[in-house]
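Here the structure is laid out as structure tokens; the discussion comes afterwards.
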Amino acid sequence: MRLPRRVAWASIGELEQVCSWIYDDENDSQSKRLAIQRLSAWKSITSLPHALESTLAILTALYQDTEQPASHGMALRQMYAAAVIRLVNGLVDPLQSGAYARSIASIAQQLGLPPWLVELRHAATHEDMPSLELLREAARESMSWLLNNYFLPTLNPSTTPPLESSPVTPVGPILKQYKKILKTITRDTSLATRYKADVTKVLRDLERWIAEAKLAENVDAVAWGTSESSFDATEDDEEDPKERRALERLLDDLVAPGGLVPLAKRKRALPSDSFKPPASAINIWSPLLKHVQALHPTFYDFAASRIVNQLSSPPDESPALQGSSTDTAYHMHLARWATWFTQNQPRDEDITPDQRKEDLVATLITNLGLSTEERHGSRKAALALLQALCQGDSRLEEVRGLFLHNLEIVHSSAHWQDMDMDIMNDRLNTLLADVPSPSDASSPPSMQQQETSEQAAVDSHTSLPRGWGIVDKSWKPCPIGVFSASLA
């Protein structure tokens, strides 16, 4: 659970007043001075959000430029440049969450930051100092960006549209390039040294893609008003939902035909001596999978759970299975990859390998027991995976045996058999025997009532169970909810 975030203002009205001092009248120097003083006072109390720190730095440079025009020179240019550099770096640095650094331009594009501000930041840092006119324009553009992306979302979070972000680059081309290189290496191991740099580059590109996908899941939080603390990981966070979603996007391409499972059916021959993927597939994909697991410790667990759910869930709940629901070889490959992920999971002090198996077995049994649809290859692969996970564990074997026994009972009761028709015919004959004959129906009503009363008198002494008696003869039938005395 996250702790409440401390802010410098006592109420949102104080921040709104500072915003009005800054943006209501661009030429009002007195209001700008009040805003600078208020922000400086806040900064002395507590640390300010990066947006307000950048606002204070840029606003100070603008005020200095307006009130002391004689100070134009290198000092003023450096003041402007430092403020813009601090703004861009402070926005980009918290989002460099991957193992490999991404370009500042790509992150700025997802944040909606003007690209030319990134270029000006680079020029002011590594090249000749930009001109004063260009720096003034950058300061005005930065203040406009802060208004639309910090002040307005913070003051009116419900009316501010979400920050538009560019779509995430597909990961498919990266995986295809990696697969092509590894195929070349596995055919001729002497080329491993030659292609080592290429493999490293592809793995870095993959990690940058994961970082980009994580940012795409949380780009709205950079609307600043929601909370900058959304980027601050706490020790209580067991799992980062942004990372989980990024890994889910990666697995969408890995488990699709042509990823972990070869696209050509002739390459889908499975070893008969063990429940593992083909050795050729392991040689190709294991370096990439181990690389992702080393940087994201929950990857193997998530991949195994994802495959188990795909195999055992109904087709409408597993989009990745659409178009290949009858391909048994495809699903058998996925089942064997699930066992590979389980067996190669590094040891953890909190979760033992047996507990991981139990969780997967529970998921399989639950999904297969709730589903009544025959899904051809996926169900067969799920049952084979269940057998492989339970093998060698007497307790899990017993649970699997009970489940299969109950499954056979349910399966047999779901289909008509010859004895079922005999039972239905016997019930029909019993019902027909209780129907009065036409001759009885043609007798006068008075005679029928007399016979009924006589039969009731006899039954009262013979057939009524102990504790029961005949209702008073004055009773009359009436609609449900109507007191019978009112009809008397």
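Residue numbers for the sequence shown follow this note's numbering, so the first one is 1266 and each next one is one higher. For glycine and all other residues, C-beta sits at the position ideal for the given N, C-alpha and C.
Counting C-beta neighbours from all protein chains within 10 Å, is the total for residue i 16 or more, i.e. buried, or is it exposed?
i	result
E1398	exposed
D1293	exposed
I1301	buried
D1724	Any reading at D1724 must be qualified, since the residue scores a pLDDT of 49, below 50, and its modelled position is unreliable; no value is offered.
D1358	exposed
I1310	exposed
W1550	buried
A1373	buried
E1500	Caution is warranted here: a pLDDT of 40 is assigned to E1500, below 50, making its placement in the model unreliable, and the coordinate value is therefore given only provisionally. Burial call: exposed.
V1747	exposed
H1598	buried
M1689	exposed
K1448	exposed
E1392	exposed
W1307	buried
T1390	exposed
Could you check what DSSP says for residue i in three-state terms: helix, strand or coil?
i	result
P1744	coil
V1433	coil
V1467	helix
P1418	helix
P1522	strand
H1598	helix
T1458	coil
P1379	coil
N1609	coil
V1573	helix
P1552	helix
P1618	helix
Y1540	Per the sequence presented here, residue 1540 reads as Phe, with Tyr not at that position. Looking at F1540 - three-state DSSP - the assignment turns out to be coil, as it is neither helix nor strand.
M1684	helix
L1528	coil
D1592	coil
P1506	helix
E1673	helix
D1453	coil
A1646	helix
S1407	helix
V1272	coil
P1395	coil
A1546	helix
D1658	coil
Just checking my contact of residue i with residue j at CB under 8 Å: how many whole Å lie between their CB atoms?
i	j	result
T1470	I1446	Looking at the sequence itself, residue 1470 is Asp, so the reference to Thr does not match. At roughly 12 Å, the Cβ-Cβ gap does not stay under 8 Å, so D1470 and I1446 are not in contact.
Y1345	R1298	18 Å between Cβ atoms; not a contact.
V1573	T1628	5 Å
Y1443	L1553	6 Å
A1569	F1606	4 Å
T1477	S1409	Position check: residue 1477 holds Glu in this sequence, whereas Thr was assumed. The pair is not a contact, with the Cβ atoms about 26 Å apart (cut-off 8 Å).
L1304	L1321	4 Å
K1479	E1508	6 Å
T1662	L1560	Here residue 1662 turns out to be Glu, not Thr, going by the sequence shown. With a Cβ gap of about 36 Å, E1662 and L1560 do not count as contacting.
A1404	A1316	With 8 Å as the limit, A1404 and A1316 do not qualify as a contact, their Cβ atoms being about 15 Å apart.
Taking the alpha carbon of residue i as the reference point, which residue from the options has its own alpha carbon closest?
i	options	result
R1612	L1599, Q1558, R1665, A1649	Q1558
G1355	W1550, L1411, E1472, S1309	L1411
K1622	S1407, Y1460, L1651	L1651
V1383	L1376, S1407, V1353, M1394	V1353
R1644	M1684, D1592, D1619	D1592
R1601	I1616, A1306, L1576, P1618	L1576
R1571	P1543, A1478, D1624	D1624
A1546	P1527, D1538, T1563	P1527
S1276	K1308, T1419, L1324	T1419
Q1608	K1541, Y1595, E1662, A1594	K1541
P1438	G1657, T1465, W1474	W1474
S1537	G1524, L1378, V1349, A1649	A1649
I1323	H1670, A1348, W1307, P1314	A1348
L1633	L1672, P1562, P1379, W1274	L1672
L1468	S1296, L1515, C1655, R1509	L1515
S1396	A1521, G1338, V1272	G1338
Examine the ligand ZN and report whether any of its heavy atoms sits within less than 7 Å of the Cβ of residue i.
i	result
L1693	Among the ligands in the structure shown, none appear at all, so the ligand ZN cannot be discussed.
Quick one: which unbroken alpha helix (DSSP H) runs of 4-plus residues sit fully inside the stretch 1286-1359? Chain order, please. 1294-1310, 1315-1332, 1339-1357
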